Amino acid sequence: MAQQANPFGLFTAATETDVASLHHIMVSTLASRRFVFGYEGMSVGIDRLALGVDCDLVHSFICVGDSAAAQNIPYLQAMGVTHVLNVAEGNGPGMVSTTARTYAGTGIDYLGLPIVDSPLYDISQHFQEATTFIDRCQGNGKVLVHCLRGRSRSPAVVLAYLMIRYNTPAPMGLRLLSSKRSLNINYGFLDKLADLHNHLCVAASNN
Numbered sequence: 002m003a004q005q006a007n008p009f010g011l012f013t014a015a016t017e018t019d020v021a022s023l024h025h026i027m028v029s030t031l032a033s034r035r036f037v038f039g040y041e042g043m044s045v046g047i048d049r050l051a052l053g054v055d056c057d058l059v060h061s062f063i064c065v066g067d068s069a070a071a072q073n074i075p076y077l078q079a080m081g082v083t084h085v086l087n088v089a090e091g092n093g094p095g096m097v098s099t100t101a102r103t104y105a106g107t108g109i110d111y112l113g114l115p116i117v118d119s120p121l122y123d124i125s126q127h128f129q130e131a132t133t134f135i136d137r138c139q140g141n142g143k144v145l146v147h148c149l150r151g152r153s154r155s156p157a158v159v160l161a162y163l164m165i166r167y168n169t170p171a172p173m174g175l176r177l178l179s180s181k182r183s184l185n186i187n188y189g190f191l192d193k194l195a196d197l198h199n200h201l202c203v204a205a206s207n208n
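Residue numbers for the sequence shown, in the numbering used here: 2 to 208.
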C-alpha cells in the first residue's frame, strides 16, 4: 500500500516562532536585485518610480505589488495576470479605491478585502477567504495581491497562503518573500502570522 503523504509537510519538523524572530528574518533578508516583473534587466531601484509600476513575482503564479500596478490594466494583461486581490479596498487614508467595476470587461477576476494597515487590525480573519481566491488562479494565469505600497498587508496575506496551502513554515516563507521584495509587515500582522505558524506546528505534532 502506498504511504499517504503527510498533510502537514514541513511543519512536522518546524518549531514554534514569535514576532521578534519573524521581524529579524524580515529585516535581515536582503532582496535580490529588484527588477520589476516584466521589465527584467531594464529596471531596478528608483526606476520603479519612472515606470509607475512596483510589482514582483514572489511565487510561481503570485505577484505582490502596489496600487499603481493594480490600476495599470494593460500591464496586468501583458504579464498574464488573471486575478487581482486588493487587500486594502476602501476610500480612506491608506486604502485603495479599486473595485470589481475597475476590471469589468477585462477578463480579470477581482476580490477586495478592507484590511487596515494597523497592528491592532486582526488580519487573520481574512486568511481563509484570501486563500480560496488565490487558489482559483492556480494553473489559470497569475494573481496580483496588492495593497497601497505592497509592503505590509499584501505580503502578510501571501505568507499566510503559503503556510495554509503549501505547508511552508513562516520563517521559510518569510525568507522567500523577503528575498523577492522589500517588506515592512507590521508587528500586529507578524503576531497573527506567528499564531498561524504555531497552530500548524501543534496540529502537525498531534497528527
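From the three backbone atoms N, C-alpha and C, an ideal C-beta is built for every residue, glycine too. Every value quoted in this text rests on a predicted model; they were computed, and no experiment measured them.
Drop a sphere of 10 angstroms on the beta-carbon of residue i, count the other beta-carbons inside from all chains shown, and report buried for 16 or more, exposed for fewer.
i, result
"Asn-87", "buried"
"Tyr-1", "Past the boundaries of the shown model lies residue 1; the chain is included only from 2 to 208, so the question cannot be answered."
"Glu-17", "exposed"
"Leu-201", "buried"
"Gly-81", "exposed"
"Ala-171", "buried"
"His-25", "exposed"
"Ala-32", "exposed"
"Ala-89", "buried"
"Pro-75", "exposed"
"Ala-15", "buried"
Whose C-alpha, out of the options, is nearest the C-alpha of residue i?
i, options, result
"Ile-63", "Ala-69, Val-158 and Lys-193", "Val-158"
"Val-129", "Arg-166, Gly-151 and Lys-143", "Note on identity: in this sequence residue 129 is Gln, with Val being the wrong assignment. Answer by Cα proximity: Arg-166."
"Lys-181", "Asp-67, Val-37, Phe-190 and Leu-77", "Val-37"
"Leu-145", "Asp-57, Ala-15 and Gly-174", "Asp-57"
"Ile-109", "Gly-95, Asn-92 and Gln-78", "Gln-78"
"Leu-23", "Gly-174, Gly-91 and Asn-207", "Gly-174"
"Gln-72", "Thr-99, His-25, Tyr-162 and Arg-137", "Thr-99"
"Gly-151", "Val-203, Leu-197 and Gly-95", "Gly-95"
"Gly-91", "Ile-116, Pro-75, Arg-49 and Ala-14", "Ile-116"
"Ala-183", "Tyr-162, Leu-163, Asn-207 and Arg-49", "The identity of residue 183 in the sequence shown is Ser, whereas the question assumes Ala. Of the candidates Tyr-162, Leu-163, Asn-207 and Arg-49, the one whose C-alpha sits nearest the C-alpha of Ser-183 is Arg-49."
"Val-59", "Tyr-162, Val-203 and Arg-137", "Tyr-162"
In angstroms, rounded to a whole number, what distance separates the CA positions of residue i and residue j?
i, j, result
"Gly-53", "Ala-69", "6 Å"
"Lys-193", "Asp-123", "7 Å"
"Gln-211", "Asp-118", "Since the first and last residues shown for the chain are 2 and 208, residue 211 lies out of range."
"Leu-160", "Val-28", "16 Å"
"Leu-191", "Ala-51", "31 Å"
"Glu-41", "Leu-177", "19 Å"
"Met-2", "Gln-139", "Per-residue confidence for Met-2 stands at a pLDDT of 33, beneath the threshold of 50, marking its modelled position as unreliable; the derived number appears in the next sentence. Going from the Cα of Met-2 to the Cα of Gln-139 covers about 30 Å."
"Leu-11", "Asn-168", "6 Å"
"Ile-186", "Ser-61", "22 Å"
"Asp-55", "Asn-199", "32 Å"
List the whole-angstrom C-beta distance separating residue i from residue j, where the pair is believed to meet the contact cut-off of C-beta under 8 Å.
i, j, result
"Ala-195", "Asp-19", "5 Å"
"Ser-155", "Val-65", "5 Å"
"Gly-39", "Thr-83", "15 Å between Cβ atoms; not a contact."
"Cys-148", "Val-97", "7 Å"
"Gly-189", "Leu-121", "6 Å"
Margin query: Would the segment 120 to 139 count as touching the segment 99 to 106 if we require 3 or more Cβ pairs under 8 Å?
Written below: When C-beta atoms of the segment 120 to 139 are compared with those of the segment 99 to 106, fewer than three pairs fall below 8 Å, so the two segments do not count as touching.
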